[in-house]
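Below you'll find the structure, written out as structure tokens, and then a few comments.
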Amino acid sequence: MLGPLALQALRELISSGRLKAAVRASRDGTNWVALPELAELSDLFASARPTPSLELQQAERLRAQMRAMQSLPAHEVFGLKPTANLDELRLAYFRMARRFTPDHVSPDTHPELKKVSAEIFDFLSRRMRDAEATWTQAVQAPRPPPPVVP
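Quick note: the sequence shown, position 35, residue 35 per full-length UniProt numbering, numbers continuous.
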């Protein structure tokens, strides 16, 4: 949630591309509408809307990146060192997965781009669950008994 915010500041954030995750706004704090539905902002979205062919190209690029990540260990998928702890993995996961959550994909996004975004979100979520399971098993693994000293 971002606000309260002056209309001019909101326009500047949208036009500069710095506000990508926001999809709704409210004038009174209770009634929320999609940003493009606000007359004061509609001109920004009309000129910035990507064409279907660009979205298809983006979908294919994302799909290729996901294929390249399939064989990588979790720490590499999330851009971390092999010694990263579980909290670091979780933080990196949330940063990366946020871009692909269904809540952050615009309703007018090309269906193929929506589909690949969902696939990436699922892939990242599975990778994180696997990393958590591996981490938990490593922590709970029984340690060998100390050597017996005669």
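Cβ coordinates follow ideal geometry from the N, Cα and C atoms, glycine included.
Contact check, residue i vs residue j, beta carbons under 9 Å
i	j	result
M96	G79	yes
L54	V116	no
A74	M128	yes
L91	E132	no
Residue i: CB within 8 Å of a non-hydrogen atom of the ligand PLP
i	result
S53	This structure lacks the ligand PLP; in fact it carries no ligand of any kind.
Beta-ladder partner(s) of residue i, from DSSP
i	result
V33	A25
Candidates the options, of which the one nearest residue i by Cα
i	options	result
residue 171	E119, P107, A34, A138	This structure cannot speak to residue 171, because the chain is shown only from 1 to 150.
F121	E76, F94, L35	F94
L10	V33, W32, E40	E40
P4	L13, R27, E12	R27
P107	L13, V33, E12, S125	V33
R98	K81, E76, S125, L72	S125
S42	T30, R24, G29, N31	R24
E12	P150, L44, T30	L44
Beta-carbon proximity list for residue i, same chain, < 7 Å, skipping 5 on both sides
i	result
L113	E55, Q58, A59
P52	H110
T101	F121
L7	E40
F123	M66
K81	H75
W135	L86
Residues of its chain near residue i, where Cβ-Cβ distance is below 6 Å and the 5 sequence neighbours each way are ignored
i	result
V105	K114, S117
Query - Secondary structure, beta strand (DSSP E): runs of 3+ residues fully inside the segment 39-127 - result: As far as the segment 39-127 is concerned, it has no whole beta strand (DSSP E) run of at least 3 residues.
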